[in-house]
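In the working numbering, the protein residues as written are 23 to 923.
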């Protein structure tokens, strides 16, 4: 009788739990990518206020980073309406998530038959624990199964130890700390199986070399609850206040409660009332601490995202042995990619996900126990299924993850070449050779160059006048599109776009998930859209008619000697900028000096202004470059604003502004490319290069830093044509002379471009972070915070590869840093993030200038190291120097080749 009653009770509770199981019928999984601040704010408000019933799988943290969430079917129309209002494209990934969950079939394990536990299906807590008990029973000499403690609901937390003899380093593997991340538990069980059964020599070696401890499910209560009640349950099952459960990976005593957490018990990221408040984190911590003296590797497995994350999770900077771990991580993801073509990325939580978190296990282990190698894996996938990863992907995920783990533990450091290797040709020898060549060719070339240039000047003048009147290019009905490549195939499509169509890239292809902006001719739009649709390309229309946007960029005329008419609410032509600079020189004769650095192909002056404020104590030099790319109108606008602010700073109430203005000697070149800038006003608004011939040269590919090696081309029609030799152009040669003559105490070189909202740190031709990159990045991040504080404009800081996703060579800032060892070099890509691009309207000029000035003030805060600087006369760089001779040689040789070949 008692047995029957007990059976009835068990049946009742089983049925009760099934009846109480939460379902997600009709919930749709969407992916969106915030392209501007309004998009990001909309998504963040959606997460916080929940006026639409959504469940975020991947939260909104920063621009251009994909976000995934479920939408309740009853709120789907409202969500799509609001998304349409914000011009936010929502990509439907799964129409009914409940169907995807039901496809995650759970197979029952047959007790004592270990071969029935496979990785073609998911498993319940009872089956995982039974399988662990069975293999421990079957292999008592190899496996030690013990409980390290109890969960909130009294379940055991099991650890599998592989028995080996002797004193050896320890490896701890943790999985299942979040209830809904089923794939993490599946991988740890797969790893246990492979370590026990596999005959692979590399694995056998790792078993022999280390003491292994593996915890498949840190959170057994949450794991069980996700199977029986709520598939998306993340936390443990401690009942606290009005909510249920604590996010165990926010409950460790590492910067507890500071970043990426919630104090609301109902929130998925509720960190608990205190660190280690939960029995699961206490048990895990005590076990790790007990093994900590000899702990070498700590691995934590999660889902999803396809990342390998390196501590520390709350830091923006890379500290400790980050570089070494990044090196191993990159070798691992290469191995993983070769297996199934699945791409992972490596970095800190901030690098990979764009956010900071605290209270996580991996950072606590690294910080408190000083463990050398700590890695967190976010397993498949990239969001197409998310937590609904289908069973057929379990085994491939396990196999590729094992490849990555083994590679991390066995990889050797990759050799890094030094800055000046032994194989380098001594610089003194190079200079001697060049001097000899100068002496040989100088006499023969001088007369020829003078004659040819005279003929060229007359021809160019006539030709340019004709062009200005006859060939004015318009962009009526040209559409500006944005595309985001999410596969290699997409990226290949965008790289080949200029072959198929006459496109102009505003932001060229770089890496996957990086936005690409480009214009398409109206007659090509139909075919292009059809091809994009066939290739599954995600597109956004940014500007339907580019010419209309350009026409809104009003250009104002400056009235001579009325300096108040030069404002930053309109754009100005070259002659007006130069007239304003001359009036400044007259208004501040003792504090400014105006000079021409040289003349362009079309005989325009390249004007520079030197500023030394009265009463300032000279410490070091700042050189500011603007307008190197013709179409980037906001760049000269900001540099002129910068000049204005420096000159009025002596009487300013802004103590910071006054301090930096009085500290440095200043050199400004507002328009380094005068011909190109004027050409954009009268002929082609989208012109980028200088005006050499009919093709032009990209001046920011023409400097002598790894000239012509990457991100540049020798094809004249290309937007990034680098010229036939370094410093072949009068504009780059003039700038080089200015820098060289004033390089003695040069501390800062700042270059201003548009667009993208990036702060780019040298070097642009490498993926590596070298020299004082981390110091400059820290300064850049502080500057970015100041910029954000003004109007919430978000800047990204890093190398060219880090930010825009591609590498370039021949860049001005890189040449300055390498040639003259200038400590602080940065390129600012100003507003916006692509919504207007080069068509930035006049009403955004002043806000751009104001916020950028905040960042510049932060960046130029005087360093602790002092520079000695003599007050010497302003030099435009005229006179014979070694650099001049090098350039003469290059120009002479190239002239002879072109003229007589």
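In this text, a Cβ means the ideal position worked out from N, Cα and C, and glycines have one as well.
Per DSSP, what kind of secondary structure is residue 527 in: helix, strand or coil?
Reduced to three states, the DSSP call for residue 527 is strand.
How would you label residue 61, buried or exposed, when you count the other beta carbons within 10 angstroms and need 16 or more for buried?
With 16 or more other Cβ atoms inside 10 Å of its own Cβ, residue 61 counts as buried.
Where does residue 768 sit, in a helix, a strand or coil, going by DSSP?
Assigned with DSSP and collapsed to three states, residue 768 falls in strand.
Which same chain residues, not among the five before or five after residue 465, have their C-beta less than 6 angstroms away from its C-beta?
Because residue 465 sits at a pLDDT of 36, beneath the cut-off of 50, its placement in the model cannot be relied upon, and the following sentence gives the value as read from the coordinates. A distance below 6 angstroms between beta-carbons, with the five flanking residues on each side excluded, links residue 465 to no residue of its chain.
Buried or exposed: which applies to residue 346, given that a residue is buried once 16 or more other Cβ atoms fall within 10 Å of its Cβ?
Exposure of residue 346 is indicated by the presence of fewer than 16 other C-beta atoms within 10 angstroms of its C-beta.
Spell out the partners DSSP gives residue 396 in its beta bridges.
BP columns for residue 396 point to 320.
Any contact of the region 299 to 317 with the region 359 to 370, i.e. 3+ C-beta pairs under 8 angstroms?
Three or more Cβ pairs closer than 8 angstroms define a contact, and the region 299 to 317 falls short of that threshold against the region 359 to 370.
How many angstroms separate the CA atom of residue 334 from the CA atom of residue 371?
For residue 334 and residue 371, the distance between alpha carbons rounds to 7 angstroms.
Looking at the structure shown, is residue 655 part of a helix, part of a strand, or coil, going by DSSP?
The answer is coil: DSSP assigns residue 655 none of H, G, I, E or B.
Quick check: what's the CA-CA separation for residue 176 versus residue 220?
In a straight line, the C-alpha of residue 176 is about 34 angstroms away from that of residue 220.
Would DSSP call residue 90 helix, strand or coil?
Looking at residue 90 - three-state DSSP - the assignment turns out to be strand.
Chain-order list of residues whose beta-carbon lies under 8 angstroms from that of residue 743 (same chain, five-residue window excluded):
Apart from sequence neighbours up to five positions away, the residues of its chain that approach residue 743 with a beta-carbon distance below 8 angstroms are 711, 717, 718, 719, 720, 723, 734, 735, 736, 737, ordered along the chain.
Excluding the 5 residues preceding and the 5 following residue 112 in the sequence, name in chain order all residues of the same chain whose CB lies nearer than 8 angstroms to its CB.
The beta carbon of residue 112 is closer than 8 angstroms to those of 52, 53, 54, 101, 102, 105 in its chain, skipping five residues each way along the sequence.
Please classify residue 627: does DSSP put it in a helix, a strand, or coil?
If DSSP states are grouped into helix, strand and coil, residue 627 belongs with the strands.
For a minimum of 4 consecutive residues, which ranges assigned as the alpha helix (DSSP H) are wholly contained in the region 315 to 397?
You should have 344 to 362, 371 to 375, 383 to 391.
Taking three-plus beta-carbon pairs below 8 angstroms as touching, is the region 746 to 757 in contact with the region 858 to 867?
Segments in contact, no.
Is residue 677 helix, strand or coil when you go by DSSP?
Reduced to three states, the DSSP call for residue 677 is helix.
Can you tell me where the beta strand (DSSP E) with residue 697 in it begins and where it stops?
Taken as a continuous stretch (DSSP letters only), residue 697 belongs to no beta strand (DSSP E), being part of the alpha helix (DSSP H) at 696 to 704.
Contact set for residue 357: own chain, Cβ-Cβ below 7 angstroms, skip 5 residues either direction:
425, 426, 429, listed in sequence order.
Whole runs of the alpha helix (DSSP H) within the region 811 to 855, excluding any shorter than 4 residues
Entirely contained in the region 811 to 855, the alpha helix (DSSP H) runs reaching 4 residues are, in chain order, 822 to 825, 834 to 842.
Could you pull the start and end residues of the beta strand (DSSP E) that residue 170 belongs to?
Run containing residue 170: 165 to 172, per the beta strand (DSSP E) assignment.
The alpha helix (DSSP H) spanning residue 759 covers which residue range?
Residue 759 -> alpha helix (DSSP H) spans 752 to 763.
Under a three-way DSSP split, which group does residue 44 fall into?
It is coil, neither helix nor strand.
Assuming residue 354 contacts residue 400 (C-beta within less than 8 angstroms), just tell me the rounded distance between them.
Not really, about 13 angstroms apart at Cβ, beyond 8 angstroms.
Euclidean distance between Cα positions of residue 253 and residue 122:
Cα-Cα distance, rounded: 11 angstroms.
Span of the beta strand (DSSP E) around residue 112:
Residue 112 -> beta strand (DSSP E) spans 112 to 116.
Report the option in 671, 604, 624, 625 whose CA atom is closest to the CA atom of residue 635.
Of the candidates 671, 604, 624, 625, 671 places its Cα closest to the Cα of residue 635.
Measure the C-alpha to C-alpha separation of residue 198 and residue 517 and round it to an integer number of angstroms.
In a straight line, the C-alpha of residue 198 is about 41 angstroms away from that of residue 517.
Consult DSSP for residue 683 and reduce its assignment to one of helix, strand or coil.
In the three-state reduction of the DSSP assignment, residue 683 falls in the helix class.
Pull up the DSSP beta-bridge partners for residue 593, would you.
DSSP lists 577 as the beta-bridge partner residues of residue 593.
Over the uninterrupted beta strand (DSSP E) stretch that includes residue 564, give me the two end residues.
That run of the beta strand (DSSP E) goes 561 to 565.
Please report how far the alpha carbon of residue 840 lies from the alpha carbon of residue 760, in whole angstroms.
Between the alpha carbons of residue 840 and residue 760 lies a gap of roughly 16 angstroms.
Is the beta carbon of residue 114 sitting closer than 8 angstroms to the one on residue 410?
Annotated as distal: residue 114 and residue 410, with beta-carbon spacing of 8 angstroms or more.
Segment limits, beta strand (DSSP E) that includes residue 233
Note, residue 233: beta strand (DSSP E), 233 to 237.
First through last residue of the alpha helix (DSSP H) which encompasses residue 98:
For residue 98, the enclosing alpha helix (DSSP H) covers residues 98 to 107.
Starting from residue 645, trace the beta strand (DSSP E) in both directions and tell me its first and last residue.
That run of the beta strand (DSSP E) goes 642 to 648.
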